[in-house]
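Count the sequence shown with the numbering used here and you get residues 1155 to 1433, in order. We put the beta carbon where it would ideally sit given N, CA and C, even for glycine.
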Amino acid sequence: MDPEKEMDKKAPGGVYLCQVNENISCGACCGLYNVQDLSREKLYDMLLRRTDDFSKVPREADAITNFGEEVLCKNNKRPYDEFYHCPYIGLIGKERMRTGCLLHPLADGNNGVDYSGLGFYGSMTCHIYFCPSYTMLPENYKRIIREAADDWYSYGLIITEIVLINALFSEIDSCLQSKIDETDIHMNQALIGIIKEFIGFKTSWPFRPSSVTAANYFFKDKLYERKPVDYSGINPDRPVSRYDLIFRELGSSFNSVEELRNAESMMDDLFNRARDWKI
Ligand code: SF4
Ligand code: SF4
C-alpha cells in the first residue's frame, strides 16, 4: 500500500496530519510556535541552528538533557506561559525542509534509538498524542489543507485552527453552492490559489496587532481563547462584520471603519473568486 494511504488508515479521522511530505509537517503540539518571535525567518534560523547544534551532541542522556535545558533558557519568554516549547523540535528530512522531533529514532544521528523519553512529555505522550484537528475537522477539509499548504511554516500554523478552517470552507461551500471536494482542488488551480491565499492570511494578517500571537492554543483546557473583535471603538452603531468569526480567529483588531472595510474587501475579493468558479 502507498505509505501515505497507510498512515492515513492508522490515523484517527482517516487523514494523517503530522508528517505529510518532504517539506510539509507540523510541530504545533510540541510548542513550535510558542516563541516570542515566530516570524518565518526567525523561526527557521532558530530551528536550523538548534538542529546543527544537536547534531554535535553525544547521544547520552546527560548530554541530551543539558542541551534541552540550554535551549529552554534561551526561550523562556513564551506567549502561552502554561504551554511548553520543546527544545527538541528541529528540522528533519534529507534537506532539512520540514519540522520534526530530533529525538525520533529515524532523526539524523540517532541510529534507530528512540530518545523521546528524555523530552518533557515522555515518549508515550509524544507517540500517542493526536490534536483535536484529527477528529474535529471533516476529512475532506484536512486533505485539502494538506494539499494546498506550501511549507511546514504555514501548514503548522493553520492545521490546528479548527474554527477558522471550518469558517473558510463554509464560505467557499456557500459561494460554490455545493460541498467542496478534494478532487475539485486537483482539478482547479484557481481554487487551490484561493485556499493558499487564505492560509497566507494566517501567517501575515495585517490587522493582527503585534501584541497578539499568530500561534494557536488549541488544547481542551481552553486557557487562551481568542478574544471577540471589539467594534465599539470604531463605530458603536455598526453591526458586527459578516466575517466576524474569521476576523476573530485571525486575532484581528481594527482602529477605524476604513481598516475594517479593507479587511472585508480582502475577504470579498477572495470569496468572489470562488463564486466565479463553478463545480
Ligand atoms: S498539532 Fe496535531 S498535526 Fe500538529 S504535530 Fe501535533 S498532533 Fe500532529
Ligand atoms: S520530544 Fe516530544 S514534544 Fe519534543 S519535539 Fe519530540 S515529539 Fe515533540
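Handout entry: Heavy atoms of ligand 1 versus C-beta positions, residues under 6 Å
Key = Leu1171, Cys1172, Cys1180, Gly1181, Ala1182, Cys1183, Tyr1283, Phe1284, Cys1285, Ser1287, Ile1313, Thr1314
Practice task
Could you name the residues of the same chain whose beta carbon sits closer than 6 Å to that of Arg1194, not counting the 5 residues immediately before and after it, in chain order?
Solution key: Tyr1307
Exercise for the section: Could you tell me whether the Cβ of Thr1367 comes closer than 8 Å to any Cβ of chain B? Expected result: The structure shown contains no chain B; it holds only a single protein chain.
Exercise for the section: Specify, as a first and last residue, the run of the alpha helix (DSSP H) that Gln1343 falls within. Expected result: 1343 to 1358
Problem - Cα-Cα separation, Cys1211 to Thr1253 - result: Strictly speaking, residue 1211 in this sequence is Val, with Cys absent from that position. Each residue's Cα considered, the two are about 19 Å apart.
Exercise for the section: Taking Ile1334 as part of the alpha helix (DSSP H), name the residues at either end of that continuous run. Expected result: That residue, Ile1334, is in no alpha helix (DSSP H); it is neither H nor E in DSSP.
Problem - Other residues of its chain near Pro1166: CB distance less than 6 Å, five sequence neighbours each side excluded - result: Phe1284, Tyr1288, Thr1289
Practice task
Helix, strand or coil for Asn1175, going by three-state DSSP, please let me know.
Solution key: strand
Exercise for the section: Please find out if some non-hydrogen atom of ligand 2 comes closer than 7 Å to the beta-carbon of Leu1257. Expected result: yes
Problem - Rounded straight-line distance, which links the Cα of Gly1168 to that of Asp1435 - result: Shown here, the chain extends from 1155 to 1433; a query on residue 1435 therefore has no answer.
Problem - Beta-carbon contacts of Thr1205 that lie in its chain and below 7 Å, excluding the five residues immediately before and after - result: Gly1244, Leu1245, Arg1250, Leu1256
Problem - Contact under 8 Å by Cβ, Ala1369 with Leu1192 - result: yes
Practice task
Check the C-beta distance from Gly1310 over to Gly1405 and give it rounded, since I have them as a contact under 8 Å.
Solution key: In fact, because the Cβ distance is near 16 Å, the residues do not count as touching under 8 Å.
Practice task
Could you give the DSSP three-state label for Thr1289: helix, strand or coil?
Solution key: helix
Problem - Gly1254, enclosing alpha helix (DSSP H) - first and last residue - result: No alpha helix (DSSP H) contains Gly1254, which is instead part of the beta strand (DSSP E) from 1252 to 1255.
Practice task
State yes or no: is the C-beta of Cys1240 nearer than 7 Å to some heavy atom of ligand 2?
Solution key: yes
Exercise for the section: Provide the residue(s) that pair with Met1244 in DSSP beta bridges, ordered along the chain. Expected result: Going by the sequence as given, residue 1244 is Gly instead of Met. According to DSSP, Gly1244 bridges with Gly1254.
Practice task
May I ask whether a heavy atom of ligand 2 can be found less than 7 Å away from the beta carbon of Ser1209?
Solution key: no
Practice task
Using alpha carbons as the reference points, say which of Glu1403, Leu1202, Leu1424 lies closest to Phe1361.
Solution key: Glu1403
Exercise for the section: May I ask you to check if the CB of Ile1243 is nearer than 7 Å to at least one heavy atom of ligand 2? Expected result: yes
Handout entry: CA-to-CA distance, Asn1188 to Tyr1238, given in whole angstroms
Key = 7 Å
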